[in-house]
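Student:
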Amino acid sequence: MKEIDLYSEAKPRYYQLIPNKEDGLIILALYQKYQKQEFTEDQIIQIINKVLSDLGGSQREENNRNNTIILRLQEFFLWRDRKRKVYGFKNYGEEFCQKVFKRLSESYHPAKIERLFKHLLDTLRISLEKNPPELLIWMDDHFNIRSNELALQIEILDQQVSESVDDFRFQIKQPQANILEAIDTISAGLDQIKQHVHELTTGFQITYDIDDILQHMLKKPESFDFLESINHVLQYNQNVRNHLDQVSVRIDKIKPRIREFIFEFNQRKLDRNTDKFLHYLLDNASYIRQENQPKRLVFPVEIESVAIRVPESIPRFYILTERDFVRKAPLPSPVRSIDVEQTNNAIAKNKEKLEIKKKIQFWTKKALDQIDHEGKLEFSPFFFSILSHEENNLNIAVKIAQRLVKHCNSWQYKITIDQNEYHNPNYLNLSLWNMTIQKKT
Amino acid sequence: MEYDDTEKDLNIRYSFMLDRTAKNTFAKLDYLLKSGMHLQRDFPKPVSLYAFLDKHYISLQAYYDDFFEMVLKKEGEEWNTYFYIDFHEGSRGKIPTDNQYRWYLKSEYILIGLIFFKIYKLDGNIELSKISDFINLLYQEYDELLNKMQRVVSSIESDADSDMNEEKLRNLVYKAFTEFEQLGWIERDSNESDYFTYQPSFERLRRIYYPQIETIDEIIKRKEHD
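The listed protein sequences correspond, in order, to chains A and B. Here numbering that gives the first Met the number 0 is used: position 171 in the first sequence is 170, and no number is missing along the way. Here numbering that gives the first Met the number 0 is used: position 52 in the second sequence is 51, and no number is missing along the way.
And the structure:
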């Protein structure tokens, strides 16, 4: 096949290649009447008029319209013999019509399906016997060619179901419809399709044999190259079987619904009135707002609201689980034990802290007394005398210094510090600035 | 019905109580009926509820009438039979209740129900099994109904018209179907809530309005003269 860019080639000539609905139907009508025979322009115009009036188009500007259509059709579908002033179908037009004809007249052929599958299975076996196995050739020569045809068979059945349903819908809408008859027709039709599905299912059994062979191949290392192809075929088989199932399920779903119509076949007038009633409600529904409540949609007075429940009539259950009744077991009380040693330690530590606290208080008091009595205290020698009295416990001396400074940091006292260091010969590693606390008078 | 209080007569009048299956079935059945549920062959499950109703309809009816003054009704034929307690007409009732506290089916839901009934039943769209498909069909093939319904929807909640209408209508339809399921008019797929199965009792919605539907021509005429 010559390589062309199908999309861009077809785009400018789309409507010449693929007719719109009117053109398409005209072409089909022409083909149905004349097939390979020739026909005149008048005969084409007759068909055009017939088709367009059937489609409900307007009859104005006929000449111009007919002319445009005929010119358009000549592009691909019709040829014109200028001398003899007759028309005929071009090859493309003929193929187009035949394709439609074939698609619509095609019916399912369970025997053919079975044959096709049998053929696939046989050829598959033969190609695998060869060395090296010719799976790819089999796919090219047999599988790919047949697979479309098989899928088409299922599509036909599915389409037949749609047609039955559409026909049913059409039938029951007719004013004089005989619903019982319509139901009988569709039921029979669906039964028939279902029968076909069943026959096809039998034919499709062979796909399982093919699956078996291929799955067996999957286990062998030498089939590694074919992995993708094998999967492709397995997947395809799975899909056709599913698709077939779906048709069957679809029919099973429709049938009980049809049955519901059986008892209402004489309700046509009621149905028409129901329609009117619905429109009446829609046209006359309005909103009202009552004392602070949200807006409410209401119908005219003669149409009552529908009471669907009386809340008081519904028993209300409070669900209490068993757990709600069970007495809770008391928590076990924690067992406390006394660690005598630890307690004694703690007591000793606390006692020690108390001692220190007492000493701090004692020395602080002593210092303040001296300030009060003598008007001033040379703190630095005082500091070292504390140290010597208190077993060189620096902690006590420093805390007392803090206390004093804090206490004397007010208008009553004056603290002076000169930055000459004060030393005590007993404590060579310690030195203080000279600090004096005076009482203001 | 006249009856004596002799044990024999009571056993006949309330014979459902003697049924072996009553112990397992009645409490649930009673609860569903009083909740406004419509029961038919396929829904709600289990099917023993329907079987019990079908078997003991007369004595159950007597029971509800005698003790609650509620009307147990049976409508539809053969495969389409369904049962329910009629709170609509059975307005007396021994259950103390004030009329204004009855639960009414919202008018919006009635409209959606009737539109659905028309599309599914009157127009024979019997393959309809998804709520979203119903909405799509409404948009594609029912211009007039859609426009009228949108006019109604647009005034719900706010007066302003907006692009939100489509969403509002969609939400409303789903809410309505939830209510329909509680009434037993449709069954919804428990896994995929978009899927539903139409139930024969959906006809009840229309049945309520039979008197008005049968005289709709006169009603319209009167309206025009107003």
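We put the CB at the ideal spot given by N, CA and C, even for glycine.
Quick one: does W102(B) have its CB under 7 Å from some CB of chain A?
Tutor: So yes, W102(B) belongs to the interface.
Student: Count Cβ pairs between the region 178-189 of chain B and the region 37-49 of chain B that sit closer than 8 Å; are there 3 or more?
Tutor: Flag = yes, the region 178-189 of chain B and the region 37-49 of chain B touch.
Student: Please state the DSSP three-state secondary structure of M434(A).
Tutor: Three-state result, M434(A): strand.
Student: Give the DSSP-derived three-state secondary structure of A306(A) in the structure shown.
Tutor: Here A306(A) sits in strand by DSSP.
Student: Tell me whether G35(B) sits in a helix, a strand or coil according to DSSP, three-state version.
Tutor: In the structure shown, G35(B) sits in coil (DSSP, three-state: anything other than H, G, I, E or B).
Student: How far does the beta strand (DSSP E) with I144(A) in it reach, from first residue to last?
Tutor: Careful: I144(A) lies outside any beta strand (DSSP E), inside the alpha helix (DSSP H) at N143 to K172.
Student: Identify the residues that DSSP records as bridge partners of E74(B): which are they?
Tutor: Note: E74(B) sits in a beta bridge opposite Y81(B).
Student: May I ask you to report which of helix, strand or coil DSSP gives A159(B)?
Tutor: Unreliable placement is indicated for A159(B), whose pLDDT of 45 sits below 50; the coordinate value is still reported in the next sentence. Looking at A159(B) - three-state DSSP - the assignment turns out to be coil, as it is neither helix nor strand.
Student: Which residues in chain A sit within 7 Å of H87(B), going by Cβ to Cβ distance?
Tutor: Within chain A, the residues near H87(B) are V305 and A306.
Student: Provide the residue span of the alpha helix (DSSP H) that contains N272(A), from first to last.
Tutor: Here the alpha helix (DSSP H) through N272(A) covers R267 to N283.
Student: Would you identify the three-state DSSP class for H422(A), choosing helix, strand or coil?
Tutor: In the structure shown, H422(A) sits in a strand (DSSP, three-state: E or B).
Student: For V232(A), name the three-state secondary structure that DSSP assigns.
Tutor: Three-state DSSP puts V232(A) in a helix.
Student: Listing by chain order, which chain A residues have their CB less than 8 Å from the CB of M148(B)?
Tutor: Under the 8 Å cutoff, chain A gives L281.
Student: Starting from I109(B), find everything on chain A with Cβ-Cβ shorter than 7 Å and list it in chain order.
Tutor: By Cβ distance, chain A contributes V305.
Student: For chain A, is any of its Cβ atoms less than 7 Å away from the one on R203(B)?
Tutor: R203(B) does not count as touching chain A.
Student: Given this structure, state the Cα-to-Cα distance separating I258(B) from L27(A), to the nearest angstrom.
Tutor: Residue 258(B) falls outside the range modelled here, since chain B spans only 0 to 225, and no answer is possible.
Student: Quick one: list the residues of chain B neighbouring F223(A), beta-carbon separation under 7 Å, in chain order.
Tutor: Those do not exist, as F223(A) stays about 40 Å from chain B at its closest Cβ, beyond 7 Å.
Student: Taking the alpha helix (DSSP H) that W441(A) belongs to, which residues open and close that run?
Tutor: Outside the modelled stretch of chain A, which goes from 0 to 440, sits residue 441(A), for which no answer is possible.
Student: Rounding to the nearest angstrom, what Cα-Cα distance links Y48(B) and A110(A) in this structure?
Tutor: At residue 48(B) the sequence reads Leu, which differs from the Tyr that was named. Taking the straight line joining both Cα atoms gives about 48 Å.
Student: Work out the CA separation of V334(A) and N349(A) for me, nearest whole Å.
Tutor: Using only the alpha carbons, I get a separation of about 26 Å.
Student: What residues of chain B sit near A284(A), judged by a beta carbon separation below 8 Å?
Tutor: Within chain B, the residues near A284(A) are S106, L110 and V151.
Student: Using a Cβ cut-off of 7 Å (strictly closer), state whether I207(B) contacts chain A.
Tutor: Interface residue, yes.
Student: Taking the straight line between their C-alpha atoms, what separation do you get for F381(A) and A347(A)?
Tutor: For F381(A) and A347(A), the distance between alpha carbons rounds to 29 Å.
Student: If contact means a Cβ-Cβ distance below 7 Å, which residues of the region 207-223 of chain A contact chain B?
Tutor: Listed by position along the chain: nothing, the set is empty.
Student: Does the Cβ of E180(A) have 16 or more other Cβ atoms within 10 Å, making it buried, or fewer, making it exposed?
Tutor: So E180(A) ends up on the exposed side.
Student: For a contact meaning CB atoms closer than 7 Å, what does I212(B) contact in chain A?
Tutor: What I212(B) touches in chain A: L269, N272, T273 and F276.
Student: With H, G and I counted as helix, E and B as strand and the rest as coil, what does DSSP make of W184(B)?
Tutor: Three-state result, W184(B): coil.
Student: In the DSSP assignment, the alpha helix (DSSP H) including E221(A) goes from what residue to what residue?
Tutor: Neither: E221(A) is in no alpha helix (DSSP H) and is coded neither H nor E.
Student: Please report the straight-line C-alpha distance between I250(A) and F169(A), rounded to a whole angstrom.
Tutor: So the alpha carbons of these two residues sit roughly 18 Å apart.
Student: Report whether the distance from the Cβ of K268(A) to the nearest heavy atom of the ligand NAP is below 6 Å.
Tutor: Absence of the ligand NAP is noted for the structure shown, with no ligands found whatsoever.
Student: According to DSSP, what are the bridge partners of R295(A)?
Tutor: Its beta-bridge partners are I287(A).
Student: I want to know whether the region 15-26 of chain B touches the region 427-439 of chain A - three or more CB-CB distances under 8 Å.
Tutor: No, the region 15-26 of chain B does not touch the region 427-439 of chain A.
Student: Could you tell me which residues DSSP pairs with E377(A) in its beta bridges?
Tutor: Partner(s): T435(A).
Student: In terms of residue numbering, what span does the beta strand (DSSP E) encompassing R79(A) cover?
Tutor: Start and end: L77 to D80.
Student: Round the Cβ separation of Y173(B) and I219(B) to the nearest angstrom and send it over; I've been treating them as touching at under 8 Å.
Tutor: Rounded, the Cβ-Cβ distance is 32 Å, inconsistent with contact.
Student: Name, please, each residue of chain A whose Cβ falls closer than 7 Å to the Cβ of D122(B).
Tutor: In chain order: R168 and K172.
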